[in-house]
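Protein chains: 2
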Amino acid sequence: MADSKPLPSLDWDPVAAEALLRDVFGVVVDEVIWKGTSASEKVCEWKEPEELKQLLDLELRSQGESKEQILERCQAVIRYSVKTCHPRFFNQLFSGLDPHALAGRIVTESLNTSQYTYEIAPVFVLMEEEVLKKLRALVGWSSGDGVFCPGGSISNMYAVNLARYQRFPDCKQKGLRALPPLALFTTKECHYSIKKGAAFLGLGTDSVRVVKADERGKMIPEDLERQISLAEAEGAVPFLVSATSGTTVLGAFDPLEAIADVCQRRGLWLHVDAAWGGSVLLSQTHRHLLDGIQRADSVAWNPHKLLTAGLQCSALLLRDTTNLLKRCHGSQASYLFQQDKFYDVALDTGDKVVQCGRRVDCLKLWLMWKAQGGQGLERRVNQAFALAR
Amino acid sequence: MADSKPLPSLDWDPVAAEALLRDVFGVVVDEVIWKGTSASEKVCEWKEPEELKQLLDLELRSQGESKEQILERCQAVIRYSVKTCHPRFFNQLFSGLDPHALAGRIVTESLNTSQYTYEIAPVFVLMEEEVLKKLRALVGWSSGDGVFCPGGSISNMYAVNLARYQRFPDCKQKGLRALPPLALFTTKECHYSIKKGAAFLGLGTDSVRVVKADERGKMIPEDLERQISLAEAEGAVPFLVSATSGTTVLGAFDPLEAIADVCQRRGLWLHVDAAWGGSVLLSQTHRHLLDGIQRADSVAWNPHKLLTAGLQCSALLLRDTTNLLKRCHGSQASYLFQQDKFYDVALDTGDKVVQCGRRVDCLKLWLMWKAQGGQGLERRVNQAFALAR
Chain E
288 MADSKPLPSL DWDPVAAEAL LRDVFGVVVD EVIWKGTSAS EKVCEWKEPE ELKQLLDLEL
348 RSQGESKEQI LERCQAVIRY SVKTCHPRFF NQLFSGLDPH ALAGRIVTES LNTSQYTYEI
408 APVFVLMEEE VLKKLRALVG WSSGDGVFCP GGSISNMYAV NLARYQRFPD CKQKGLRALP
468 PLALFTTKEC HYSIKKGAAF LGLGTDSVRV VKADERGKMI PEDLERQISL AEAEGAVPFL
528 VSATSGTTVL GAFDPLEAIA DVCQRRGLWL HVDAAWGGSV LLSQTHRHLL DGIQRADSVA
588 WNPHKLLTAG LQCSALLLRD TTNLLKRCHG SQASYLFQQD KFYDVALDTG DKVVQCGRRV
648 DCLKLWLMWK AQGGQGLERR VNQAFALAR
Chain B
288 MADSKPLPSL DWDPVAAEAL LRDVFGVVVD EVIWKGTSAS EKVCEWKEPE ELKQLLDLEL
348 RSQGESKEQI LERCQAVIRY SVKTCHPRFF NQLFSGLDPH ALAGRIVTES LNTSQYTYEI
408 APVFVLMEEE VLKKLRALVG WSSGDGVFCP GGSISNMYAV NLARYQRFPD CKQKGLRALP
468 PLALFTTKEC HYSIKKGAAF LGLGTDSVRV VKADERGKMI PEDLERQISL AEAEGAVPFL
528 VSATSGTTVL GAFDPLEAIA DVCQRRGLWL HVDAAWGGSV LLSQTHRHLL DGIQRADSVA
588 WNPHKLLTAG LQCSALLLRD TTNLLKRCHG SQASYLFQQD KFYDVALDTG DKVVQCGRRV
648 DCLKLWLMWK AQGGQGLERR VNQAFALAR
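Here it is, written out as structure tokens:
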């Protein structure tokens, strides 16, 4: 039946494609799943940049290459790459490999869709909603909003942008020149994305006021109170505090209850950068480190770190129930977010973000959670704490 | 030899992991590569949201599931997802599937690294540099800078942020309140990310001045000149023009030479949003549509659209050779970007971006290019134009 064959517009042969993909997949299994996780193999076959350039033959040419050459290229890429799944890899805050999460990533890549409307990503729109609901429940919220972002830095920027928009909705149209000078508060132990974000969002790094931390890297709430008063005395309007649950260098957890008290008293947005520490909420034993997080207005949490969901899996969670995300970021582009669709357009989440196309980041976490269960993930977190001791 | 086994910290069994991944991969081959690209199959098995929720059983529970259940879940996810690789899928500006690009994505996901330093991503730091160099050469630049961004919207925001930083370096530290009111220029046919970006960056949507387009959607350079004068008369400082090469709805290409003349005369940054149209540069037949692009200061180009590299593959290209990207976005976080490393720290590209962790987006394009050659990619672009006629 001629109709069962791919249309002529397909410029590749499915038989050859299957053969290629099977071979590449075989290389991945041998080199990453087996050798990459074996303690007797190297974490990385280190080469100096100039030598590595020669070995990889990176130049892009006019002529294509054979399947055999392409396979060799995949092998070389893997050989000279760092095995972040290796048991001796400790360089960064992500590491390890979860086979179910990897399975989810392979399915995600093969489906290659964008997370903006229900009609283009029906499964993933619903799945993202469910995953975010679960993460919010662990924070302690029975309602709210959220979205997956391309990394925790962008999540933190979203929080800052949402806080200023809530306080000064004019900002969206008229810009910061129409507003009084603003001030936000964090410690020097915070992630560098807070300052990067302040610059990118047009606030300027000077708008970030540094609150003192104690010798273990935790924010001192009394100094927060002092810095807020100081900023006000200088004519600035305080609008946000960014507390950190799990600082990058010391792994410190800011005292959220005391910080929330200050924010409540002063009417400030409380953001918790729990990019690293958020996953501790899964552990009955250790979740007390984040006591008070339910009083936050926003939480950044990256399951790609402690939970090894795979880069990137970065949730921004919001307590808000007033559609703040969409009001703040929406542009109502009529060609994409038509309002006369035959389903509930609240499912078209694309206008909640400043991106247009947005990768599917929920499936890898969802599939891993289904396979391990909350119990399995809790064991992983507890084990990480045990190893750290 | 005990040492050849994975360390006890690995909480999964490689034998079981291999079996699971092989089965999931088999499902991908059957359901996506074969059925997904077959004209006799549906693009999507459409379900209403409530029914789909029931079918997917999305809830995340405490108990884990068996391998058989996980496989069924992967099958259901694929069954009810839109097949963007289907020959009858035309909904968005990305579509189609390239097997080599998919192979690159599978390798990328298995290696799971972040694109910030040479020591963590030696292969991909060099590869990104090479791919960006190739794209810049097609623009017409023998030097310059660039970076892959999480989508074209973020690329466009980067361009706006770089342009204002170059003009007013104080902005990074002191914020927009220390600057005069700014104005940027584009047509109403431009992508909605320009306005979203203006809001996010604190400029406000009012800072975006709308230039008239002709009946085919192309910017009218004489009106650009008029709008610039008007903005100046109102006390604003013009700093950037965003031209579009391939508008979202009409596919129009703005006349870059004439726009570049205006920018040169007025001293404005010329950004070209070629997210969709950039790939036309590969075609000897059609690249005249972008004549003048070599005079731009920045270009956003998404090979995930016309070239089907896979979401996301979004390059921001810069003519700049003064390290503007790093000066504008850098924070010199000392724990990540140490300056006393034993290799050239210029290879640590992470401080060029406002993200921290950054996905590897170059391998899929590089591998596809190696396999198809520039010639094969040119055929693909030419075929897309032929089909559009």
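The listed protein sequences correspond, in order, to chains E and B. According to my numbering, the first sequence is numbered sequentially starting from 288. According to my numbering, the second sequence is numbered sequentially starting from 288. In this text, a Cβ means the ideal position worked out from N, Cα and C, and glycines have one as well. Values in this document were obtained by computation on a predicted structure and should not be read as measured data.
**Item:** the stretch 326–341 of chain E in contact with the stretch 311–318 of chain B per 3-pair CB rule at 8 Å
**Value:** no
- Item | Nearest to E:Glu346 (by Cα), restricted to the options B:Gly661, B:Ala671, B:Asn669 and B:Glu665 | B:Gly661
- Do you know offhand how far B:Asp541's Cα is from B:Thr534's? Linking B:Asp541 to B:Thr534 through their CA atoms gives a straight-line distance of about 9 Å.
Query - Short CB-CB distance (under 7 Å) between B:Glu332 and chain E - result: Chain E has no Cβ within less than 7 Å of the Cβ of B:Glu332.
For the pair the stretch 433–446 of chain B and the stretch 579–595 of chain B, tell me if three or more CB-CB distances fall below 8 Å.
yes
Since B:Gly637 and B:Thr404 are thought to touch, with beta carbons under 8 Å apart, how far apart are those beta carbons, to the nearest angstrom? Contact annotation, B:Gly637 with B:Thr404: C-beta distance approximately 6 Å; criterion of less than 8 Å satisfied.
Quick one, are the C-beta atoms of B:Val647 and B:Phe411 less than 7 Å apart? yes
Exercise for the section: Label B:Asp228 either buried or exposed according to how many other C-beta atoms from any shown protein chain fall within 10 Å of its C-beta, with 16 as the threshold for buried. Expected result: Examination of residue 228 of chain B is not possible in this model, given that chain B is present from 288 through 676 alone.
- request: Step through the CB atoms of chain B and report whether any lies within less than 7 Å of the CB of E:Gln662.
  value: yes
inquiry  = According to DSSP, simplified to helix, strand and coil, what is E:Trp556?
reply    = strand
Report the option in B:Ala539, B:Ile546, B:His387 and B:Gln599 whose CA atom is closest to the CA atom of E:Phe312.
B:His387
Quick one: what does DSSP say E:Ala587 is sitting in, helix, strand or coil?
-> strand
Report task. Please name the residues in the stretch 294–324 of chain E whose beta-carbon is closer than 7 Å to at least one beta-carbon of chain B, in chain order. Result -> Leu294, Ser296, Leu297, Asp298, Trp299, Pro301, Ala304, Glu305, Leu307, Leu308, Val311, Phe312, Val315, Val316, Val319, Ile320, Trp321 and Thr324
Practice item. Mind reading off the beta-carbon distance from B:Ala587 to B:Ala424? Whole number of angstroms is fine, and I expect it under 8 Å. Key: That pair is no contact at about 17 Å.
Since I believe B:Trp563 is in contact with B:Leu527 (beta carbons under 8 Å), could you give me their beta-carbon distance rounded to a whole number of angstroms?
In fact, because the Cβ distance is near 20 Å, the residues do not count as touching under 8 Å.
Going by Cα to Cα distance, which pick from E:Arg348, E:Ser325 and E:Pro336 is closest to B:Leu654?
-> Of E:Arg348, E:Ser325 and E:Pro336, the residue nearest in Cα terms is E:Arg348.
Please state the DSSP three-state secondary structure of E:Phe540. The answer is strand: DSSP assigns E:Phe540 an E or B state.
**Message:** Does the contact criterion of 3 or more C-beta pairs under 8 Å hold for the stretch 469–484 of chain B versus the stretch 607–620 of chain E?
**Reply:** yes
Within the same chain, show all residues whose beta-carbon is closer than 6 Å to that of B:Thr473, passing over the 5 residues directly before and after it, in chain order. Once the five neighbours on either side are set aside, the close Cβ partners of B:Thr473 are Ile481 and Ser529.
Next item on the list: Just the chain B side, please: which residues come within less than 9 Å of E:Ser516 by C-beta, in chain order?
Entry: Residues of chain B with a Cβ closer than 9 Å to the Cβ of E:Ser516 do not exist; the shortest Cβ-Cβ separation is about 21 Å.
* Verify the CB distance criterion: does E:Arg646 have a CB-CB separation below 7 Å to chain B? => yes
Given that a residue counts as buried once 16 or more other Cβ atoms are within 10 Å of its Cβ, and exposed if not, what is E:Val369? buried
Contact defined as beta carbons within less than 8 Å: I believe B:Leu241 pairs with B:Leu577. What is the distance between those atoms, to the nearest angstrom? Outside the displayed span of chain B (288 to 676) sits residue 241 of chain B, for which this structure offers no information.
task = Give the DSSP-derived three-state secondary structure of E:Cys361 in the structure shown.
result = helix
So, at 7 Å on beta carbons, what are the nonlocal neighbours of B:Ala673 in its own chain, with the 5 sequence-adjacent residues on each side left out? none
Kindly say whether B:Arg614, judged by its beta-carbon, lies nearer than 7 Å to any beta-carbon of chain E.
By this cut-off, B:Arg614 is not an interface position.
>> Residues of the stretch 626–642 of chain B in Cβ contact with chain E at a cutoff of 7 Å, in chain order, please.
In response: Tyr630, Asp631, Leu634, Val641 and Gln642
**Asked** Out of B:Leu652, B:Asp298, B:Val426 and B:Thr371, which has the shortest C-alpha to C-alpha gap to B:Glu328?
**Response** B:Thr371
| Name the chain E residues that come within less than 8 Å of B:Pro590, Cβ to Cβ? | None at all; the shortest Cβ gap to chain E is about 12 Å.
*chain E within 7 Å of B:Ala390, Cβ atoms only*: yes
- request: Could you say which of E:Arg360, E:Ala303 and E:Ala326 lies nearest to B:Leu650 if we only look at CA atoms?
  value: E:Arg360
Legend entry - CB of B:Gly597 within 7 Å of CB of E:Asn399, strictly: yes
(message) Using C-beta distances below 6 Å, list every residue in its chain close to E:Phe376, excluding the 5 sequence neighbours before and after it, in chain order.
(response) Val330 and Ser382
Check your understanding: Between B:Arg464 and chain E, is there a C-beta pair that is closer than 7 Å?
Key -> At a cut-off of 7 Å between beta-carbon atoms, B:Arg464 makes contact with chain E.
Beta carbon of B:Arg666: closer than 6 Å to some heavy atom of the ligand HEM?
-> Because no ligand of any kind appears in the structure shown, any question about the ligand HEM cannot be addressed here.
With a threshold of 16 other CB atoms inside 10 Å of the CB of B:His373, please say whether the residue is buried or exposed. buried
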